[in-house]
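Notes to accompany the following structure.
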Amino acid sequence: MTPKMTLTGPCLIPPQVLHLCRNWFIIIAHRQPNSPPPGENFLPCDILSGEMGYIALGAVAFIIAWFFDLAAWQRIRYLKQIIGLVFVMLFGYALVMVARHPDKLPLPAWLSYAGWPLLAISGFLLIYSLFLEIPFRQTYAADGVGDTLVKTGTYALVRHPGVLWLALFLLALVLVFRSRLLVLAAPLWILLDVLYVWIQERFFFGRMFAGYEQYKQETPMLLPTPASIARCWQSFRGSRGERK
Numbered sequence: 000m001t002p003k004m005t006l007t008g009p010c011l012i013p014p015q016v017l018h019l020c021r022n023w024f025i026i027i028a029h030r031q032p033n034s035p036p037p038g039e040n041f042l043p044c045d046i047l048s049g050e051m052g053y054i055a056l057g058a059v060a061f062i063i064a065w066f067f068d069l070a071a072w073q074r075i076r077y078l079k080q081i082i083g084l085v086f087v088m089l090f091g092y093a094l095v096m097v098a099r100h101p102d103k104l105p106l107p108a109w110l111s112y113a114g115w116p117l118l119a120i121s122g123f124l125l126i127y128s129l130f131l132e133i134p135f136r137q138t139y140a141a142d143g144v145g146d147t148l149v150k151t152g153t154y155a156l157v158r159h160p161g162v163l164w165l166a167l168f169l170l171a172l173v174l175v176f177r178s179r180l181l182v183l184a185a186p187l188w189i190l191l192d193v194l195y196v197w198i199q200e201r202f203f204f205g206r207m208f209a210g211y212e213q214y215k216q217e218t219p220m221l222l223p224t225p226a227s228i229a230r231c232w233q234s235f236r237g238s239r240g241e242r243k
């Protein structure tokens, strides 16, 4: 039986990150047409109307996703699946609306064309790392936590390859669709994604996966190193050799 988990002590989110997110929301609110400069009584909910609301909606999706692992650990029936579905729907909708925004960057045509291969590669890697390389049913569909620690493939490159692929995917979308709004949204969403994996590392993965502390010593969290790149390459070469 999975033991109950309690999160005690200070706030789950570091105060520096809260302050940074608040300032970012202020910047977003100030960019809205005909909006007065926000004062000290500004609240993030003040920007949920208008075009900037799509950025806020994507941010809310990530905040909801922060509770995915807690719901899995507590084994609350169907809550993990509901959180995952809500995240996909909210973030997917926000991403489409922000990318389609009519305010465009003056990028040369060749740069937009160059974004398509990057979009295809990063999209494939994002799906591969998050849904194919790790056990899908155990991780997302079944109740409880997924206790299979994957250390091969892209997970030999970094511990959270999905963050890298999402950043590349958003960059590719900027190049392809040239959305000014996406240029503002992407750094905030990436920051929230980084904060999400920090929460996973700090509170959950050490308890979920046997051998995770050793994995942390062997593999970088987000930025690949020459050694991790070599291990990733060897891992893929080894898996191809086994299939032969």
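Counting in numbering that gives the first Met the number 0, the sequence shown runs from 0 upward without gaps. All residues carry an ideal CB built from backbone N, CA and C; glycine is no exception.
Specify the secondary structure class of residue i as computed by DSSP and reduced to three states.
{"i": "residue 150", "result": "coil"}
{"i": "residue 27", "result": "Here the model assigns residue 27 a pLDDT of 46, short of 50, so the residue's position is not dependable, and the following value carries that caveat. Note: residue 27 maps to helix in three-state DSSP."}
Buried or exposed, going by whether 16 or more other CB atoms sit within 10 Å of the CB of residue i?
{"i": "residue 225", "result": "exposed"}
{"i": "residue 177", "result": "buried"}
{"i": "residue 230", "result": "buried"}
{"i": "residue 218", "result": "buried"}
{"i": "residue 135", "result": "exposed"}
{"i": "residue 8", "result": "The pLDDT assigned to residue 8 is 40, lower than 50, so where the model puts this residue is not dependable; a value taken from the coordinates is nonetheless given after this. By the neighbour-count rule (16 or more Cβ atoms within 10 Å), residue 8 is not buried but exposed."}
{"i": "residue 94", "result": "buried"}
{"i": "residue 123", "result": "exposed"}
{"i": "residue 90", "result": "buried"}
Return the CA-CA distance between residue i and residue j, expressed in angstroms with no decimal places.
{"i": "residue 141", "j": "residue 77", "result": "9 Å"}
{"i": "residue 102", "j": "residue 179", "result": "6 Å"}
{"i": "residue 212", "j": "residue 71", "result": "20 Å"}
{"i": "residue 61", "j": "residue 192", "result": "7 Å"}
{"i": "residue 114", "j": "residue 98", "result": "13 Å"}
{"i": "residue 183", "j": "residue 57", "result": "12 Å"}
{"i": "residue 45", "j": "residue 210", "result": "In this prediction, residue 45 scores a pLDDT of 47, lower than 50, which makes its location untrustworthy; the coordinate-derived value is nonetheless stated afterwards. Going by the C-alpha atoms only, they are around 44 Å apart."}
{"i": "residue 251", "j": "residue 185", "result": "Residue 251 falls outside the range modelled here, since the chain spans only 0 to 243, and no answer is possible."}
{"i": "residue 236", "j": "residue 92", "result": "38 Å"}
{"i": "residue 59", "j": "residue 108", "result": "33 Å"}
{"i": "residue 153", "j": "residue 170", "result": "20 Å"}
{"i": "residue 245", "j": "residue 216", "result": "Residue 245 lies beyond the stretch modelled for the chain, which goes from 0 to 243, so this question has no answer here."}
{"i": "residue 66", "j": "residue 117", "result": "31 Å"}
{"i": "residue 203", "j": "residue 145", "result": "11 Å"}
{"i": "residue 55", "j": "residue 232", "result": "38 Å"}
{"i": "residue 112", "j": "residue 100", "result": "18 Å"}
{"i": "residue 200", "j": "residue 220", "result": "9 Å"}
Based on Cα-Cα distance, which residue from the options lies nearest to residue i?
{"i": "residue 110", "options": "175, 121, 130 and 123", "result": "175"}
{"i": "residue 198", "options": "159, 210 and 128", "result": "159"}
{"i": "residue 120", "options": "168, 136, 79 and 92", "result": "168"}
{"i": "residue 106", "options": "127, 172 and 55", "result": "172"}
{"i": "residue 50", "options": "181, 108 and 154", "result": "181"}
{"i": "residue 143", "options": "59, 237, 223 and 208", "result": "208"}
{"i": "residue 69", "options": "206, 154 and 91", "result": "206"}
{"i": "residue 139", "options": "201, 236 and 74", "result": "74"}
{"i": "residue 222", "options": "162, 204, 233 and 170", "result": "162"}
{"i": "residue 147", "options": "220, 55 and 214", "result": "214"}
{"i": "residue 128", "options": "151, 94 and 79", "result": "151"}
{"i": "residue 86", "options": "204, 195 and 123", "result": "195"}
{"i": "residue 247", "options": "112, 190, 79 and 100", "result": "With the chain covering 0 to 243 only, the question about residue 247 has no answer from this structure."}
Give me the Cβ distance between residue i and residue j, rounded to the nearest whole Å; I'm assuming they're in contact under 8 Å.
{"i": "residue 246", "j": "residue 82", "result": "With the chain covering 0 to 243 only, the question about residue 246 has no answer from this structure."}
{"i": "residue 125", "j": "residue 164", "result": "4 Å"}
{"i": "residue 53", "j": "residue 96", "result": "4 Å"}
{"i": "residue 132", "j": "residue 149", "result": "6 Å"}
{"i": "residue 166", "j": "residue 227", "result": "Going by Cβ atoms, the distance from residue 166 to residue 227 rounds to 17 Å, so no, they are not a contact pair."}
Distance cutoff 9 Å, beta carbons only. Does residue i sit that close to anything in chain D?
{"i": "residue 179", "result": "Chain labels in this structure do not include chain D; a single protein chain is all it has."}
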